[in-house]
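K.L.:
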Amino acid sequence: MSKYLLLFLAAVLLLLTGCWSRIEVDKLAIVRCLAIDYLPEASEPYLVTLSVARPAAIPVGDGAGGGGSTATQVFSGTGTSLDLALNNAALSMPRHAYFTHNEVVLIGEEAAKRGLQATVDLVMRFHQLRLTNFLLLVPGIAHDVLLASGRLEAALPQEILGLLERARLSSESDPLEIYHILRQAVTEGQEAHLAVLRLAPPPEQALPEIAAEKQPAGQGAQGGGAGQGAEVAPPPEVLSVNGTAVFRDEMLAGFLAPRETRGYLLLAGRIRRGVLSVPDPLAPGKSVSLGILRGNSKITPRLEAGRLSFLVETELEGDILSQESLENLSTPEMLEKLGTAKAEALKEEMTQTLRRLQEMEADIVGFGTILRRRNPQAFQALAGRWPQVFRNLEVDIQVQAHIRRTGLLSRTVPLQPQ
Amino acid sequence: MNAFSAIVKKLIKLLPAAGNAKGPEKPLQNNRNSRAEDRRPDSSDLDRRLELVRERLGESGDLVTRVFTSGNGRVRLALLYIDGMVDRKLLSDNVLRPIQDDNPLLRHYKELRPNNALTLIEALVTNVSETATAPDLTQALRRVLSGDTALLVDGEERILILGTRFWAMRAVTEPETESAVRGPREGFTETLRVNTSLLRRRIRHEKLRLETMRIGRRTGTDIILAYIADLVNPRVLAEARQRIAAIDTDAILESGYIEEFIEDSPWSVFPQIEHTERVDKAAAAILEGRLVIMTDNTPIALIVPTFFFQFLQAAEDYYERFFIGIALRMLRLFVMNVALILPAAYVAVITFHQEMLPTPLLLSIAAAREGVPVPAVAEALLMEATFEVLREAGVRLPKTVGQAVSIVGGLVVGDAAIRAGLVSPSMVIIVATTAISTFAIPAFSASISLRLLRFPLIFLAGMMGLYGVIIGLLAILIHLASLQSFGVPYLTPLAHGTARDALKTFARPPWSLATWRPKVLDTPDRRRQAGNMRYRPKPPEERELTHEETGDKDAGKR
């Protein structure tokens, strides 16, 4: 009899937990993007901004839903510490802040200057945030980025994610997930870097001539009664992902331009796609566009007579994208010549990048790590002053580029009969 | 605490398992060979006997007693039968007329006397094909109540029984609950004799046994154990015989009564005995070494022993190409899991584990749930219950009205509920998918068990999330593993038996490779057929060459 009693009590015990940790989806504030800023003058210097999805804005079926316009809503909070600011931001929402679907963490320039430590600690410690989030740096205030609106995507976080995915194909930025950045940062002989997300006027409006031309045209359309709003909207700023923020000892040390970022990717052997133009070897004054398809780099440390130097051997493959002249460039000799020209141009980019990095004393390529792996004793001797060693490091860059294809044309079609 | 444990004790006493063990032994004997009835008054005098019959059967309108005299006027006889259950034309043409015939040249006209009447009539006079002799009135009456005719002779102790059963019966039709695209269209009917003939026609083997038993004190229902003597496992056969013989109840109106009396664990929600309406399915079971229990007055036959995974198999698996058989079995396994788990898993994930969903999916679910007034658990239970109501309403209604129910219930109510924001569209999708999945399980009895278990699982999911679902599933699995059907573990052949048999859970083998019967059934003769006998083309030297091979260019022109 007591057996049944025990069984019964054991079964009841299961129910005593109630519905612990149960929360309905419609009570969740699904945070999709998190921005961290530091405002040096403010009394509560940390500013955390959350971009939260608004499910009510997503149309469901043909009847209900579709109310409201914006797919995301921004909430922010300030505090004397990062966590307090985050708490205040979360508490300003009418729903339960839910971070497991957060995909992007933005860090403002000022905050980055104070170091990544606090941000990384928060991301690693908080169970809802994941190390697969992208960590990006925003020049200026990160909060402002979240106020922008998506151009193709209804929700801004979706737009950012799309940009990040595309950015990998241009080789002009190197967006990384937090665990990659962590790995770089904790590795001896290597520094971390972040991709840069910036808010800027669209390229066409950046040119003064076009901007001047557009202004009256816009007003003309308005006067014509096209049904537009009464005010002239300020030129919309667009998001772009390009360039790299370089860190030294977890502090922001400087920036690499988009081209320099490509140089870095070439050095590190992680180049993806890219385009460059070189002068036409047969027709002076005209140029040929070449594409980079894939590439690989091999970095070898050399220690000769106590003098440390590195050899970077880069091998690239690519194709011809377009040419301006009518010359036949598809002969083996010409292709080789083009290859050499391409190698020269890219070598220049790599050298330039290296010089900038050496100025910043930030070894984000990881020369130190390679030395440590190849020759631990040699690295150990230099470990304490690696940044200075890196500054004066001699690096021999050898680039080999092959042009494999010429597109659908072997030689161009002259439009004017000769 | 004392009061509480007293209440628990009381509750436990109410539990049938505990109560049954100490229940009084049943004093009632099976009435088949009951001696008490043998000693009931009987008489060889015709009038006294008819009086006794009237005493025992009462004044029933359908009881016919026809007293007549033989053609030579020496013997008084009486026919006793139940109107509507006998072939009256057969009776009048082949019994009444020859006995009453007063042609003096006939041998029986000359010889018929009360003392030899019975044997002479049986041997010479009637042309009824089936006759028997009953020693007393009790036994004769039992035959009469089954549709036979008793011929009483004045002054004769024994009674001649004439097989004249004939009644209106339903024709052999396509089984409605188990239709198949390919395969025989014949299903069992309510008449046991017709059913046995359907079986015999499929298995023309001398070892096919159709063992008859009679149970039901008041209904006296015929039960037939069908098996092949050298295939069935003797232990299972003995067990089945014993369990059926132990049934002592008033009435057996359907095989479901027997199923509940003989199954191993009547307190389980899972059916432990498969039933079928299909003759081919019953025949296949018999040929596999199983036992088929047929019951009079119902087209549903029982198959023992049963494994759980049999409920996921259909006769058609073996008729279509085996690739299809494989695909369908996999599909049904999947569908079974969907039917059982899907709503619970959905509730668990959207109320506890939102991080497990891809972001776009979570957002659309969140958008769908926006403004739904009830929590997801309640929503799921409500929708599932509504669906069960709709299904139940549809089953009992005539077909013409049924359509209206499905339109009003499914379309109007469903659509309106979503538009009114009472339920979320995603929940409707989940419930509808689950509903369709339950219908994809071939056996209704198994699918209704799963359907029942869905509710506690949803409840657990709403309370404890996936943790609760896993607890529920483990409980179900432990229970399944503890079940047996006639001494064979219920989860055979997956949890017990050979790998070859286990594989059949997922795939039905091509016939050319199905050489052995299931090992777990432990049949005396395990081999089903010759070894691998797939067709193979003859080697070239043994076969007539085609014109291409002989190089005969004119072959086509001749």
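As they're listed, the protein sequences go chains W and R.
Following the working numbering, the numbering of the first sequence begins with 27 at its first residue and continues without gaps.
Following the working numbering, the numbering of the second sequence begins with 49 at its first residue and continues without gaps.
C-beta: ideal position from N, C-alpha, C; glycine also.
#1: Put R556/R into one of helix, strand or coil per three-state DSSP.
#2: For L199/R, report the span of its alpha helix (DSSP H) as first-last.
#3: May I ask you to list the residues that DSSP assigns as paired with I325/W?
#4: Is there a C-beta anywhere in chain R that falls below 7 Å from the one on E185/W?
#5: Can you give the beta carbon distance from G164/W to L73/W, rounded, assuming they're within the 8 Å contact cut?
#6: Do you know whose CA, among A97/W, S69/W, S348/W, lies nearest R177/W's CA?
#7: Compile a chain-ordered list of the residues in the segment 112–131 of chain W whose CB is closer than 8 Å to at least one CB of chain R.
#8: Check whether the Cβ of L411/R lies closer than 7 Å to any Cβ atom in chain W.
#9: In terms of alpha-carbon separation, which member of I496/R, G132/R, A483/R lies closest to W215/R?
#10: Relative to the alpha-carbon of I478/R, which residue among A468/R, R502/R, N345/R has its alpha-carbon at the smallest distance?
#11: Can you tell me the Cβ-Cβ gap for S348/W and T432/W, rounded? I've got them flagged as a contact below 8 Å.
#12: Going along chain R in order, which residues have a C-beta closer than 8 Å to the C-beta of V304/W?
#13: For S315/W, which three-state DSSP category applies?
#14: Leaving out five residues on either side along the sequence, give the residues of the same chain with a beta carbon under 6 Å from the beta carbon of F400/R.
#15: Have a look at L41/W and E50/W and give me their C-alpha separation to the nearest angstrom.
#16: Given that a residue counts as buried once 16 or more other Cβ atoms are within 10 Å of its Cβ, and exposed if not, what is E322/R?
#17: Quick check on DSSP: helix, strand or coil for S245/R?
#18: List the residues of chain R whose Cβ lies closer than 7 Å to the Cβ of L318/W, in chain order.
#19: How is N142/R classed by DSSP in three states: helix, strand or coil?
#20: If the cut is a Cβ gap below 7 Å, which residues of chain R does R48/W touch?
#21: Applying the 10 Å Cβ sphere with the 16-neighbour rule, what's the burial state of D200/W?
#22: Look at the alpha carbon of G579/R and the alpha carbon of P558/R, and state the distance between them as a whole number of angstroms.
#23: In the DSSP assignment, find the unbroken beta strand (DSSP E) run with Y72/W in it and report its ends.
#24: Within 10 Å of its beta-carbon, does R88/R have 16 or more other beta-carbons around it, so buried, or fewer, so exposed?
#25: Using beta-carbon positions only, say whether I346/W and G321/W come within less than 7 Å of one another.
#26: Distance cutoff 7 Å, beta carbons only. Does A65/R sit that close to anything in chain W?
#27: Is it right to say L189/R is buried, meaning 16 or more other beta carbons lie within 10 angstroms of its own, or is it exposed?
#28: With distances taken Cα to Cα, identify the nearest neighbour of G295/W among L60/W, E185/W, K373/W, Q99/W.
#29: Mind checking Y275/R: buried by the 16 CB within 10 Å criterion, or exposed?
#30: Among residues of its own chain, excluding the 5 on either side of V220/R, which ones have a beta-carbon nearer than 6 Å to its beta-carbon?
#31: Going by C-alpha to C-alpha distance, which of R191/R, L154/R, R124/R sits closest to L166/R?
#32: Restricting to runs no shorter than 4 residues, where is the alpha helix (DSSP H) found entirely within the segment 124–176 of chain R?
#33: Does the beta carbon of A427/W fall short of 6 Å from some heavy atom of the ligand COA?
#34: Would you call T43/W buried or exposed, if buried means 16 or more other Cβ atoms sit within 10 Å of its Cβ?
#35: Enumerate in chain order the residues of its own chain whose CB-to-CB distance from L195/W is below 7 Å, with the five nearest sequence positions on each side excluded.
#36: At which residues does the alpha helix (DSSP H) containing P284/W begin and terminate?
P.N.:
Short version:
#1: coil
#2: First-last for L199/R: 197–201, but that is the beta strand (DSSP E), not the alpha helix (DSSP H).
#3: V338/W
#4: no
#5: For the sequence presented, residue 164/W should be read as Val rather than Gly. The pair is not a contact, with the Cβ atoms about 12 Å apart (cut-off 8 Å).
#6: A97/W
#7: Y124, T126, H127, E129
#8: yes
#9: G132/R
#10: R502/R
#11: 10 Å between Cβ atoms; not a contact.
#12: Chain R residues near V304/W: none, gap ~43 Å exceeds 8 Å.
#13: strand
#14: G513
#15: 19 Å
#16: buried
#17: helix
#18: As written in the sequence, residue 318/W is Ile, which differs from the Leu given in the question. By Cβ distance, chain R contributes nothing, its closest Cβ being about 32 Å from I318/W, past 7 Å.
#19: helix
#20: T399, F400
#21: buried
#22: 13 Å
#23: 72–79
#24: exposed
#25: no
#26: Bear in mind that a pLDDT of 44 at A65/R, under 50, signals an unreliable position, so the model cannot answer this.
#27: buried
#28: K373/W
#29: buried
#30: E234, T237
#31: R124/R
#32: 136–139, 145–148, 155–159, 165–168
#33: What this structure holds is no ligand at all, so the ligand COA is not there to describe.
#34: exposed
#35: R298, R299
#36: 284–294
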